[in-house]
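Encoded as structure tokens, the structure appears first; notes follow it.
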Amino acid sequence: MTPRVAIVGAGTIGSLLAGHLGTVCEVSVLTRRPEHARLLREHGLRVSGKHELVAEVFATSVADELPAFDVAIFACKALDLDESAARLAGRCPGATVMTVQNGLGAEEVVARHGPWPVISAVTFMSGIRHSDRHVEYELDTATWMGPWARTATPLAAVEELAALLIAAGLEAEAMPDLLPAQWSKLIFNSAVNTVAAVTELPHVALFAREDELTDLGHLVHGLILEGVAVAAAAGVALHDDPWEMNVLAVRRGETGHSDYAHVPSMLEDVRARRATEVDFITGALVREALRLGVPAPLNTALYRLVKAREAAWGARPVVVA
Amino acid sequence: MRVCVVGCGAIGSLFAARLATLPEVEVWAYDVGAEHVAAINADGLRLTGRADIVARLQARTDAAEIPPCEFGIVAVKAMFTEPAIAATASVFADGAVCSVQNGVGNEEVIAGHTPRVIRGTTFPAGHMVAPGVVEMDTTGETWIGPFEDRPASMAEVERLADALTRSGMPTQALGDARGAQWTKLIFNAASNPLGALTGLTHGRVCELAPMRALVSGLIAEGVAVAAALGITLDSDPEALIDHAARVAYDHRASMLQDVIARRRTEIDALNGGIARFGRERGVPTPLNEAIVALIGGVEHSWTSQPETR
């Protein structure tokens, strides 16, 4: 029997998940704004780009109206996770939930609001949100998923959900231990997102250039090496070398479309003068470094600079779990 | 006494206009801005704000029209030192040339073209209001001394300091002017780019404890490099930072103004200078290098804006 899936948050990632899953199973979407839910109910959710489809979805902004679900995927920003998880407190205790937020700590936040087994995930797919009911599928890279050890989630549950994502046309991979992949992405994101947020440069080739002593690639590399040292001290053997991820991402961004480059989400936040997820990404890395006694001066400096930029436009202060 | 100011922007104009008030000093100015040069020749060079002077002097965009001078005062932005001094070298074939620019490394460039060089650091600041008009924003002292590698004589340094002081630009002649220069360098490198990268005024940078810690990290690297060079700072950069936070809370760093206007910054002469001298002496400067790379990234973002989405 195909599971009933609830998607919490219909930003770019939530919309990509809802649109694709809507073609293979029953999908409901919990939005923040009533208008957003109404548009999705009346017009469906359009996906363009790598795939072209329009999915029928049930959508509501009222948590109590959300139908029973077997799986809930929290696809909101890390900043909104606590509030979003609270909206589902007490619902469907037998369901499995999945977090796809950037950085570290999302699973703990969700677990505070329900007894659900938690699946950890990191996603590398990306998209462009054109409107409340139209998302463009940009990079069809994978979502990696694994059981969160603290809720003893069975691997079989992870594999089932991965199979469902694949059936829906997305790339997904279930792995017994997600920490190596999660940390690879954490280290990559910490470097690339903060540098983009401070310089307002999208992820261009300069991020991997190390020809001249002052080239930006040296800084990105330095940030990444600090993260790698923190991971090693935490006992995590990385799934991918984050520097290689950076080099490949820049190359992918430049092939086919010579002047195209991805805009990291933290730069999107900076451009929109929104609070960023830096506390969950670089902040999490710096806190781990402190806890483990590993020096991380460059990540600390970039963390401070991004927080100061937020202060410059008066972003709401973030309470970190 | 004949003096040529090379680069008659905000700082150069302060020096040129003040010196021109002395009857025994003949002042020339070299500048690439044709409109500015024409305005100076037609109506004089006018200082407003903390000064009120209209000075008569000769300005040129072509150095071949400038007679040989005993003294030069170089006030171009650091990245233009090389072309500016290369263009005016013949004016100073037997002259002493003094830098009053930001950062370090300018005297070395000047010494590549002229026989005798003076190391200088100046605190006054101003900004261009219109062609031929500069507003003086802050007053302050100037320190000059022989540049060690190709020194001007102490007598020349004292003569220039005396003329500047009498003209209303208080200037000290020092046997070793490195302490003053590195004190200002370290202060600037720890404050200027942080304003530029965050958009915060100096006072706000300092009241955010994590940012104030970053300021201290940058200062510590600069102090270590100065120590390795055998330079004794003439005051504590930490105290200068805190003093500036009180008296110039709302000040927007000049580099922030550059970034807002999308003008190339002087980062290479500031944090870049600390990093270069650090490498020479084997002193690590990772934070200053990070700042150089970040400002470089900001500058890059203006010139190469890919199709962003």
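The listed protein sequences derive, respectively, from chains A and B. Take the first sequence: its position 170, counted from the start at 1, is 170 in the working numbering, and no numbers get skipped. Take the second sequence: its position 184, counted from the start at 1, is 184 in the working numbering, and no numbers get skipped. All C-beta atoms in this analysis are idealised placements derived from N, C-alpha and C, irrespective of residue type, glycine included.
Contact between the region 122-141 of chain B and the region 44-60 of chain B is present: 3 or more CB-CB pairs across the two stretches fall below 8 Å. Counting only runs that start and end inside the region 164-220 of chain A, the alpha helix (DSSP H) elements of at least 4 residues fall at 179-199.
Tyr137 of chain A counts as buried, since at least 16 other C-beta atoms from the protein chains shown sit within 10 angstroms of its C-beta. Secondary structure note for Tyr303 of chain A: its alpha helix (DSSP H) is the uninterrupted segment 297-312. In the structure shown, Asp269 of chain A falls within a helical segment according to DSSP collapsed to helix, strand and coil. With fewer than 16 other Cβ atoms from the protein chains shown falling within 10 Å of its own Cβ, Thr303 of chain B counts as exposed. Beyond the five residues adjoining it in sequence on each side, Glu24 of chain B comes within less than 7 Å, by CB distance, of Met1 in the same chain, given in chain order.
From the beta-carbon of Pro297 of chain A, the residues of chain B found nearer than 8 Å are Gly217, Pro286, Leu287. The C-beta separation of Val57 of chain A from Met98 of chain A comes to about 17 Å, leaving the pair out of contact by the 8 Å criterion.
Nearest Cα to Arg209 of chain A within the set A:Ala89, A:Glu226, A:Asn246: A:Asn246. With contacts defined as CB atoms closer than 8 Å, Ser15 of chain A and Val135 of chain A qualify as a contacting pair.
Pro146 of chain B has its alpha-carbon roughly 7 Å from the corresponding atom of Met154 of chain B. For Phe277 of chain B, the three-state secondary structure derived from DSSP is helix. The three-state secondary structure of Ser99 of chain B, taken from DSSP, is strand. Collapsing the DSSP output to three states places Thr142 of chain B in a strand. For Met128 of chain B, the uninterrupted beta strand (DSSP E) run begins and ends at 125-130, by DSSP. The region 108-128 of chain B makes no contact with the region 55-69 of chain B, as fewer than three CB pairs between them are under 8 Å. Gly44 of chain A and Ala312 of chain A have their C-alpha atoms some 39 Å from each other.
Within 10 angstroms of the beta-carbon of Gly283 of chain A lie 16 or more other beta-carbons, which makes it buried. Note that the C-beta distance between Gly9 of chain A and Ser84 of chain A is below 8 Å.
Counting the other CB atoms within 10 Å of its CB gives Ser90 of chain B a total below 16, which places it among the exposed residues. Contact of Val135 of chain A with chain B is not assigned, every C-beta pair being separated by 8 Å or more.
Counting along the chain, no beta strand (DSSP E) covers His262 of chain A, and no H or E run does either.
Sequence-distant partners of Thr12 of chain A (beyond 5 residues in either direction) whose C-beta falls short of 8 Å from its own C-beta, in its chain, are Ser126, Gly127, Ile128, Arg129, Val135.
The alpha-carbon of Ser235 of chain B is positioned some 27 Å away from that of Ile295 of chain B. Of all residues in the region 180-208 of chain B, only Leu194, Leu197, Thr198, Gly199, Leu200, Arg204, Val205, Leu208 place a beta-carbon less than 8 Å from a beta-carbon of chain A.
Between the C-alpha atoms of Arg159 of chain B and Ala20 of chain B there is a straight-line separation of about 15 Å. Between the alpha carbons of Arg150 of chain A and Phe280 of chain A lies a distance of about 19 Å.
Not one beta carbon of chain B lies nearer than 8 Å to the beta carbon of Lys50 of chain A. Annotation: Leu290 of chain A has no Cβ neighbours in chain B at a cutoff of 9 Å; minimum Cβ distance is about 13 Å. Asp149 of chain B is not a Cβ neighbour of Glu82 of chain B, given a cutoff of 8 Å.
Classified as buried, Ser184 of chain A has 16 or more neighbouring CB atoms from the shown chains inside 10 Å of its CB. Think of a sphere of 7 Å around the beta carbon of Thr214 of chain A: the chain B residues whose beta carbon falls inside it are Gly272, Val292, Ala293, Gly296, in chain order.
With 16 or more neighbouring CB atoms inside 10 Å of its own CB, Ser190 of chain A falls in the buried class. In this structure the region 293-300 of chain A touches the region 224-236 of chain A; the number of beta carbon pairs closer than 8 Å is three or more. Bounds of any beta strand (DSSP E) do not take in Arg41 of chain A; it lies within the alpha helix (DSSP H) bounded by 34-43.
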